[in-house]
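Notes follow once the structure below has been shown.
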Amino acid sequence: MAYPERDLIVDPRSGFCKSNSTFYSKRQPLSLPPNLSLDVTTFISSQPHRGKTAFIDAATGQCLTFSDLWRAVDRVADCLYHEVGIRRGDVVLILSPNSIYIPVVCLSVMSLGAVFTTANTLNTSGEISKQIADSNPTLVFTTRQLAPKLPVAISVVLTDDEVYQELTSAIRVVGILSEMVKKEPSGQRVRDRVNQDDTAMMLYSSGTTGPSKGVISSHRNLTAHVARFISDNLKRDDIFICTVPMFHTYGLLTFAMGTVALGLTVVILRRFQLNDMMDAVEKHRATALALAPPVLVAMINEADLIKAKYDLSSLKTVRCGGAPLSKEVTEGFLEKYPTVDILQGYALTESNGGGAFTNSAEESRRYGTAGTLTSDVEARIVDPNTGRFMGINQTGELWLKGPSISKGYFKNQEATNETINLEGWLKTGDLCYIDEDGFLFVVDRLKELIKYKGYQVPPAELEALLITHPDILDAAVIPFPDKEAGQYPMAYVVRKHESNLSEKQVIDFISKQGLCTVPMFHSFGLLAFAMGSVASGSTVVILRRFGLDDMMQAVEKYKATILSLAPPVLVAMINGADQLKAKYDFTSLRKVRCGGAPLSKEVMDSFLEKYPTVNIFQGYALTESHGSGASTESVEESLKYGAVGLLSSGIEARIVDPDTGRVMGVNQPGELWLKGPSISKGYFGNEEATNETINLEGWLKTGDLCYIDEDGFLFVVDRLKELIKYKGYQVPPAELEALLIAHPHILDAAVIPFPDREAGQYPMAYVARKPESNLSEKEVIDFISNQVAPYKKIRKVAFISSIPKTASGKTLRKDLIKLATSKL
Numbered sequence: 051m052a053y054p055e056r057d058l059i060v061d062p063r064s065g066f067c068k069s070n071s072t073f074y075s076k077r078q079p080l081s082l083p084p085n086l087s088l089d090v091t092t093f094i095s096s097q098p099h100r101g102k103t104a105f106i107d108a109a110t111g112q113c114l115t116f117s118d119l120w121r122a123v124d125r126v127a128d129c130l131y132h133e134v135g136i137r138r139g140d141v142v143l144i145l146s147p148n149s150i151y152i153p154v155v156c157l158s159v160m161s162l163g164a165v166f167t168t169a170n171t172l173n174t175s176g177e178i179s180k181q182i183a184d185s186n187p188t189l190v191f192t193t194r195q196l197a198p199k200l201p202v203a204i205s206v207v208l209t210d211d212e213v214y215q216e217l218t219s220a221i222r223v224v225g226i227l228s229e230m231v232k233k234e235p236s237g238q239r240v241r242d243r244v245n246q247d248d249t250a251m252m253l254y255s256s257g258t259t260g261p262s263k264g265v266i267s268s269h270r271n272l273t274a275h276v277a278r279f280i281s282d283n284l285k286r287d288d289i290f291i292c293t294v295p296m297f298h299t300y301g302l303l304t305f306a307m308g309t310v311a312l313g314l315t316v317v318i319l320r321r322f323q324l325n326d327m328m329d330a331v332e333k334h335r336a337t338a339l340a341l342a343p344p345v346l347v348a349m350i351n352e353a354d355l356i357k358a359k360y361d362l363s364s365l366k367t368v369r370c371g372g373a374p375l376s377k378e379v380t381e382g383f384l385e386k387y388p389t390v391d392i393l394q395g396y397a398l399t400e401s402n403g404g405g406a407f408t409n410s411a412e413e414s415r416r417y418g419t420a421g422t423l424t425s426d427v428e429a430r431i432v433d434p435n436t437g438r439f440m441g442i443n444q445t446g447e448l449w450l451k452g453p454s455i456s457k458g459y460f461k462n463q464e465a466t467n468e469t470i471n472l473e474g475w476l477k478t479g480d481l482c483y484i485d486e487d488g489f490l491f492v493v494d495r496l497k498e499l500i501k502y503k504g505y506q507v508p509p510a511e512l513e514a515l516l517i518t519h520p521d522i523l524d525a526a527v528i529p530f531p532d533k534e535a536g537q538y539p540m541a542y543v544v545r546k547h548e549s550n551l552s553e554k555q556v557i558d559f560i561s562k563q564g565l566c567t568v569p570m571f572h573s574f575g576l577l578a579f580a581m582g583s584v585a586s587g588s589t590v591v592i593l594r595r596f597g598l599d600d601m602m603q604a605v606e607k608y609k610a611t612i613l614s615l616a617p618p619v620l621v622a623m624i625n626g627a628d629q630l631k632a633k634y635d636f637t638s639l640r641k642v643r644c645g646g647a648p649l650s651k652e653v654m655d656s657f658l659e660k661y662p663t664v665n666i667f668q669g670y671a672l673t674e675s676h677g678s679g680a681s682t683e684s685v686e687e688s689l690k691y692g693a694v695g696l697l698s699s700g701i702e703a704r705i706v707d708p709d710t711g712r713v714m715g716v717n718q719p720g721e722l723w724l725k726g727p728s729i730s731k732g733y734f735g736n737e738e739a740t741n742e743t744i745n746l747e748g749w750l751k752t753g754d755l756c757y758i759d760e761d762g763f764l765f766v767v768d769r770l771k772e773l774i775k776y777k778g779y780q781v782p783p784a785e786l787e788a789l790l791i792a793h794p795h796i797l798d799a800a801v802i803p804f805p806d807r808e809a810g811q812y813p814m815a816y817v818a819r820k821p822e823s824n825l826s827e828k829e830v831i832d833f834i835s836n837q838v839a840p841y842k843k844i845r846k847v848a849f850i851s852s853i854p855k856t857a858s859g860k861t862l863r864k865d866l867i868k869l870a871t872s873k874l
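Going by this note's numbering, the sequence shown opens with residue 51, and the numbers climb by one from there.
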């Protein structure tokens, strides 16, 4: 173990340093080349090994020896430079199914100082065109079958030998790869100088809405990955089967770079089929598989048939990445294949293979872990609510730092600044903890707080308590919609084997560990009553604790004119209206001010029906804005249902596209930024969190999706959304919803993640049909299928009279998720 500062005191067991709240890798440090002009292709080619066969095409049996590989790299690079005119900084797109020649193209392009990018072969022509418009490639390597997906005015090198005269005449074919690899080099070796800080690779990572972002990876980033791969405990005679897509970071980093540097043999499947993979294991005596979790599930489900049909005695290791691997799947696999070790890993496109992994049978036995930190990677666990750095076994957002961390996002400085801070820490957006032995556990993506009667409840806190119960194997807490409370915490619990733990026992277990009362420590209470009312000379009647009858009695006794409430209290007043009006005189009451949680249109209408002489005034603010944001201040303003009001005095607002950073206009949704004299200075003792939330110009980034209409009224639409994770792909719900509501028979729609054992999740749509429409599930599915890549397809449709929403127009996704999963 090595550390950058000699005076650090680091716990050798966990790798944790208390003085700077940083976890350090316990693995051997990397030996990175000092030569700043060394490109990653040259670094890979310089690695000594005794490997003979580099790649085998599983379908045809065609082989590339390492001599063939490097000869092909040299020849293709020569053709690209002298015949096509590719130069340093040019972008080359690879749109191709898995092939033994993809590594050749990648290594050739990077050797010239050019940049390669990839696209999913399943993407539609429209999706590919958007990526091309963003990355502006000079050249595309593709097949004759995929070429029609490209914009017409672009140069192409065909990667297959099929006749290409049928292509659109405007697509300019400048070469055929099979001819390039046979062509003798020109002998002119003068090329552009490549620096390690130059961009080598640019892979696209999906955003929550709108276009995806190009992740910039430098030669230094990729060199660090290759050096780390070389240091792994891999056998030099391992034979891998590649089933993962080579347009994905996992496939590229492993099989176009890592295995090449080590001299390992890789058998490449053009597309995944379970039987083809098993046949390749038997035929080539493969020792290692690189898989995504859904493939492990398929191997478990078909284990008896597979073992009866194929000889898998050579298989020793399965490396799993690309999506979380559940403990259930891990144990199920090891039960069926007891001689095979599962080695897990955790990384992101932005970390270029850096993160955590298990590289031994001993480490792999710690089920549920992603492993220990990779070489030269540092980690911090940061409380997502306070920004405080956490310690051992404490859950928070994982931050990573190291030589393989990306430079940022292509042409998107706003997203770069939001994700990678000035010190180089990558904010992963994953909730994790690191245990006393230095093992990383991925708990979840950052969760939305549950809003219960104006309180904020972190699900991770409740989950941490639940899993301490001796009869609970695992648990997850979600927000469940409730008319009175807004939301309340609901737990999904996995009981341990033979446990008969009941719902009541779980509820009692948690209830004994916490108590909530109505707080005056909340910013709403403090700012309104400890300061505002004092300054204005108003009289305030204070209830020590809330009781509906006590409140009504106080209104009658003191002739109160104003109530400041959270929405659940309004619901209680609605439900008990007849009894309250018969029992108490509150003719003095004129106003109700509502804050602390969203107020639905249904509640508003019901309250005004029961209490027609009382006006409701809403407001929007954050702790960080000290009561400033927006509010309704007159009867006329309060009649604009769904709005939280006009901007507070002295407050400026911007609506910012969360993906591009572009400032939006009237009626255009985006993240709300606020600026004004009441905006907080930041977070105590946490400059990092301050810089992330409040920029140098004083703008507070609220994290709320909002829009402001033509009259200046603010509408809160949603919190920033989570992606649907389908077989390792990221599917933005907003993209599918925008397509759905364009259908002439669809009135409204919402897309949610539906759990699936093999896929993880898949998109499911709730659709509100227009009156008299008989639109069917199949018609909806087909409508979307024709417009998106297969992995984005909607797999299930349910029809509903209307999409449940809050007053501000926010879809109650959790309500729909509960409805969808209630029969599971």
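Glycine residues also receive a C-beta, built at the ideal position from the N, C-alpha and C atoms.
Asked: What separation, rounded to the nearest whole angstrom, lies between the Cα atoms of Leu613 and Ser185?; Found: 56 Å
Asked: Assuming Trp449 is part of the beta strand (DSSP E), what are its boundary residues?; Found: Gly446 to Lys451
Asked: Distance, Cα to Cα, Ile356 vs Ile744?; Found: 56 Å
Asked: Would you say Met714 lies against chain B (beta-carbon separation less than 8 Å)?; Found: The chain inventory of the structure shown lacks chain B, comprising one protein chain alone.
Asked: Round the Cβ separation of Met307 and Val265 to the nearest angstrom and send it over; I've been treating them as touching at under 8 Å.; Found: Wrong, their Cβ atoms sit about 16 Å apart, outside the cutoff.
Asked: For Lys842 versus Leu786, is the C-beta distance shorter than 8 Å?; Found: yes
Asked: Which complete alpha helix (DSSP H) runs does the segment 172–206 hold, if anything under 4 residues is left out?; Found: 175–185
Asked: Indicate whether the contact test is met: 3 or more Cβ pairs, each with one atom in the segment 789–808 and one in the segment 816–836, closer than 8 Å.; Found: yes
Asked: Could you spell out where the beta strand (DSSP E) holding Val706 opens and where it closes?; Found: Glu702 to Val706
Asked: So what's Leu162 in DSSP terms, helix, strand or just coil?; Found: coil
Asked: With distances taken Cα to Cα, identify the nearest neighbour of Val202 among Ser175, Ser678 and Pro813.; Found: Ser175
Asked: So, at 7 Å on beta carbons, what are the nonlocal neighbours of Leu598 in its own chain, with the 5 sequence-adjacent residues on each side left out?; Found: Ala622 and Gly626
Asked: Measuring straight from C-alpha to C-alpha, what distance separates Lys690 and Leu630?; Found: 28 Å
Asked: With Asn665 as the anchor, note down where its beta strand (DSSP E) starts and where it stops.; Found: Asn665 to Ala671
Asked: With a Cβ-Cβ cutoff of 8 Å, do Val801 and Ala815 count as a contact?; Found: yes
Asked: Give every residue of the same chain whose Cβ lies closer than 8 Å to the Cβ of Glu428, excluding the five residues on either side of it in the sequence, and list them in chain order.; Found: Thr72, Phe73, Tyr74, Ser75, Leu450, Lys451 and Gly452
Asked: Count the other CB atoms, across all protein chains shown, that sit within 10 Å of the CB of Ser161; report buried if there are 16 or more and exposed otherwise.; Found: buried
Asked: Using alpha carbons as the reference points, say which of Gln603, Phe667, Thr871 and Ser656 lies closest to Ser638.; Found: Gln603
Asked: What separation, rounded to the nearest whole angstrom, lies between the Cα atoms of Gly726 and Pro708?; Found: 21 Å
Asked: Starting from the Cα of Thr110, find the closest Cα among Leu319, Asp832, Ala610 and Ser87 and give me that residue.; Found: Leu319
Asked: Any idea what DSSP makes of Gly504, helix, strand or coil?; Found: Residue placement at Gly504 is poorly supported in this model, since its pLDDT is 48, which falls under 50; the coordinates are not used for a value here.
Asked: Could you pull out every residue in the same chain whose Cβ sits closer than 7 Å to the Cβ of Lys751, ignoring the five residues on either side in sequence?; Found: Glu721, Trp723 and Thr743
Asked: Which complete alpha helix (DSSP H) runs does the segment 369–420 hold, if anything under 4 residues is left out?; Found: 377–386 and 411–414
Asked: Quick one: measure Cβ to Cβ for Ala274 and Ser87, integer angstroms, because I've assumed they're closer than 8 Å.; Found: That belief does not hold up - the Cβ atoms of Ala274 and Ser87 are roughly 16 Å apart, past 8 Å.
Asked: Leaving aside the five residues before and after Arg416 along the sequence, list all residues of the same chain whose C-beta is less than 7 Å from its C-beta, in chain order.; Found: Phe489
Asked: What distance in whole Å lies between the Cβ atoms of Val142 and Phe880, which are believed to be in contact at a cut-off of 8 Å?; Found: This structure leaves residue 880 out entirely; the chain is present only between 51 and 874.
Asked: Need the endpoints of the beta strand (DSSP E) that Tyr849 sits in, please.; Found: The question names Tyr, but residue 849 is Phe in the sequence shown. Where Phe849 is concerned, the enclosing beta strand (DSSP E) stretches over Lys846 to Phe849.
Asked: Just the Cα atoms here: how many angstroms apart are Tyr396 and Glu683?; Found: 51 Å
Asked: What ranges does the beta strand (DSSP E) occupy inside the segment 275–336, keeping only unbroken runs of at least 3 residues that lie completely in it?; Found: 289–292 and 315–318
Asked: In three-state DSSP terms, what is Lys633?; Found: helix
Asked: In the structure shown, what three-state DSSP assignment does Asp124 receive?; Found: helix
Asked: Mind the definition here: the segment 472–489 touches the segment 292–312 only if three or more C-beta pairs lie below 8 Å; say whether that holds.; Found: no
Asked: Between which residues of its own chain and Phe849 is the CB-CB distance below 7 Å, once the five residues before and five after are set aside?; Found: Val817 and Arg819
Asked: Could you tell me the boundaries of the beta strand (DSSP E) in which Val90 lies?; Found: Careful: Val90 lies outside any beta strand (DSSP E), inside the alpha helix (DSSP H) at Val90 to Ser95.
Asked: Alpha carbon to alpha carbon, how far is Phe105 from Val60?; Found: 43 Å
Asked: Sort Thr710, Pro539 and Arg63 by Cα distance to Pro509 and report the nearest one.; Found: Pro539
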